[in-house]
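Please read the structure below before turning to the comments.
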Amino acid sequence: MQQFFHEVKIKTNGQGLYDFTDKTLSWVNKQKIKNGLLNINILHTSASLIIQENADPDVLDDLKNFFNKIAPMNNNLYKHTTEGKDDMPAHIKSSMTNNHLVLSLKNKKLLLGTWQGLYLFEHRLKEHTRILSHHLIGN
Amino acid sequence: MQQFFHEVKIKTNGQGLYDFTDKTLSWVNKQKIKNGLLNINILHTSASLIIQENADPDVLDDLKNFFNKIAPMNNNLYKHTTEGKDDMPAHIKSSMTNNHLVLSLKNKKLLLGTWQGLYLFEHRLKEHTRILSHHLIGN
Amino acid sequence: MQQFFHEVKIKTNGQGLYDFTDKTLSWVNKQKIKNGLLNINILHTSASLIIQENADPDVLDDLKNFFNKIAPMNNNLYKHTTEGKDDMPAHIKSSMTNNHLVLSLKNKKLLLGTWQGLYLFEHRLKEHTRILSHHLIGN
Chain A
9 MQQFFHEVKI KTNGQGLYDF TDKTLSWVNK QKIKNGLLNI NILHTSASLI IQENADPDVL
69 DDLKNFFNKI APMNNNLYKH TTEGKDDMPA HIKSSMTNNH LVLSLKNKKL LLGTWQGLYL
129 FEHRLKEHTR ILSHHLIGN
Chain B
9 MQQFFHEVKI KTNGQGLYDF TDKTLSWVNK QKIKNGLLNI NILHTSASLI IQENADPDVL
69 DDLKNFFNKI APMNNNLYKH TTEGKDDMPA HIKSSMTNNH LVLSLKNKKL LLGTWQGLYL
129 FEHRLKEHTR ILSHHLIGN
Chain C
9 MQQFFHEVKI KTNGQGLYDF TDKTLSWVNK QKIKNGLLNI NILHTSASLI IQENADPDVL
69 DDLKNFFNKI APMNNNLYKH TTEGKDDMPA HIKSSMTNNH LVLSLKNKKL LLGTWQGLYL
129 FEHRLKEHTR ILSHHLIGN
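Protein chains in written order, with our numbering: chain A, 9 to 147; chain B, 9 to 147; chain C, 9 to 147.
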């Protein structure tokens, strides 16, 4: 059994979904693992991870808008307001989506559906650099 | 360390929760793994996975109704409408639940609580065949 | 490859987030694994797991209040009412957050962000003892 670790860094400039599928595949393809598990963790609590449709960009906009409606950026709704009107909604949206993704690697191929892409979901308004820990375990 | 892969196919005929616990257990029990991890991925973005109570069927109905209320099938709310009024809500519901489940196998027993069942959560109105990738890693 | 199993038990007395990071770290640090995966499963369907900010306790209150607003404890909204007004909302909140968490262990260190803590999210009003299965696999 072998294990490999990697960090993918993504610069974000505002709320929305950032496709990092290619960055993950590019790293995974270079590792000497044929079958195994890939664990991806986001090391932040105001951005999150989701697997979503990679065909129509409108889907990504609708997702962003839906979560903004369900957890509005309105300081009157929250106690935690010192980090800006977008911070508490960011924590809520993170808790409703994912901090980690686990994917299976079979015969050097990551098992994803035809229309599935890996997305970082940024919930903050300003620029951030987000770190996604990648961990591959297998043989 | 050994690894085994399998696909569970589930035919759905409309929105709701489909229990696949027995299909998973039946496959896992036949593999030569005593302790390990089971990773289940759904290879679609308009249906999802959840672990929920398997006792009262009303719970499953209430879950379906709750998610229909929170992400209504109303084209006026979304930009992505070309695939039907149920498609964008399906993506939203998928992003709020799970694309994957990870379970632990200990002494040939999948660690689930007494009242926990594995469910496919179908968010589309028409018939679909959904593929659930199963990957067991352990020894 | 080696595997170790453990149960963390947490007594809860009402709705809210209970930090169990130290209990997990304390067990993980004693195991003879340098690199590997940690899988944590909650064996219940009316409480769940989340990774959240561990700095400002107001964040935890806001999360609790948000989920109570989105899934109100009002029997008129649900069919499943026999286990109390807090039970069906508890199932809903569980399905919107996590039944499991997967974390990576690298050089004996659990990969968590600076501000990330591990929380049990109790959704029931009365006292409960919750069991969190811990499973470490690696070498």
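Just so it is clear, CB atoms sit at the ideal spot from N, CA and C, and this is done for glycine as well.
Should residue i be labelled buried (16 or more other beta-carbon atoms within 10 Å of its own) or exposed?
i: D70 of chain A; result: buried
i: K148 of chain C; result: The question about residue 148 of chain C has no answer here: the residues shown for chain C are numbered 9 through 147.
i: T122 of chain C; result: exposed
i: N62 of chain C; result: buried
i: S34 of chain C; result: exposed
i: T90 of chain B; result: exposed
i: T137 of chain B; result: exposed
i: N106 of chain B; result: buried
i: G22 of chain A; result: exposed
i: N82 of chain C; result: exposed
i: N37 of chain A; result: exposed
When you compare each of the options to residue i by their alpha carbons, which one comes out closest?
i: K116 of chain C; options: C:T137, C:G146, C:Q124, C:L25; result: C:G146
i: E130 of chain B; options: B:F13, B:H14, B:N83, B:L68; result: B:L68
i: K17 of chain B; options: B:F28, B:G24, B:M9, B:L119; result: B:F28
i: F75 of chain C; options: C:M96, C:W35, C:H14, C:H108; result: C:M96
i: L120 of chain B; options: C:L126, C:H142, C:Q11, C:N84; result: C:H142
i: I50 of chain B; options: B:K93, B:E91, B:H14; result: B:H14
i: W60 of chain B; options: B:E135, B:L126, B:S103, B:L144; result: Looking at the sequence provided, one finds Gln at residue 60 of chain B rather than Trp. Looking at the Cα atoms, B:L126 is the closest of the given residues.
i: Q124 of chain A; options: B:A55, B:K77, B:H136; result: B:A55
i: D66 of chain A; options: A:L113, A:L25, A:E135, A:R138; result: A:L25
i: H108 of chain C; options: C:D94, C:H99, C:L128; result: C:L128
i: L85 of chain A; options: C:K77, C:K87, C:K114; result: C:K77
i: I48 of chain C; options: C:I58, C:K42, C:N83; result: C:I58
i: R132 of chain C; options: C:A98, C:N37, C:K114; result: C:A98
i: Q2 of chain B; options: B:Q39, B:M104, B:E135; result: Here chain B covers residues 9 to 147 and nothing more, so residue 2 of chain B does not appear.
i: D64 of chain B; options: C:H88, C:K31, C:V110; result: C:H88
i: D30 of chain B; options: B:K72, B:T20, B:L118; result: B:L118
i: K93 of chain B; options: B:S103, B:P80, B:M104; result: B:P80
i: S112 of chain B; options: B:L46, B:F12, B:T32; result: B:L46
i: L144 of chain B; options: A:L144, A:E135, A:G44, A:H52; result: A:G44
i: F12 of chain B; options: B:T32, B:E135, B:N73; result: B:T32
i: K42 of chain B; options: B:T20, B:V110, B:K114, B:K19; result: B:K114
Tell me the residue span of the beta strand (DSSP E) that contains residue i.
i: T20 of chain A; result: 10–21
i: H136 of chain C; result: 135–146
So if DSSP puts residue i in a beta bridge, which residue, or which two residues, is it bridged to?
i: N115 of chain B; result: Paired residues: none, contrary to the question.
i: L120 of chain B; result: Note: L120 of chain B sits in no beta bridge, so no partner.
i: H88 of chain A; result: Note: H88 of chain A sits in no beta bridge, so no partner.
i: H108 of chain C; result: C:N49
What are the boundary residues of the alpha helix (DSSP H) that includes residue i?
i: H99 of chain A; result: 95–104
Within the present structure, is the beta-carbon of residue i separated from the nearest heavy atom of the ligand MN by less than 7 angstroms?
i: T20 of chain B; result: Among the ligands in the structure shown, none appear at all, so the ligand MN cannot be discussed.
Every unbroken beta strand (DSSP E) inside the segment 19–84 of chain A [3 residues or more]: Counting only runs of 3 or more residues that sit fully inside the segment 19–84 of chain A, the beta strand (DSSP E) segments are 24–27, 44–50, 55–61, in chain order.
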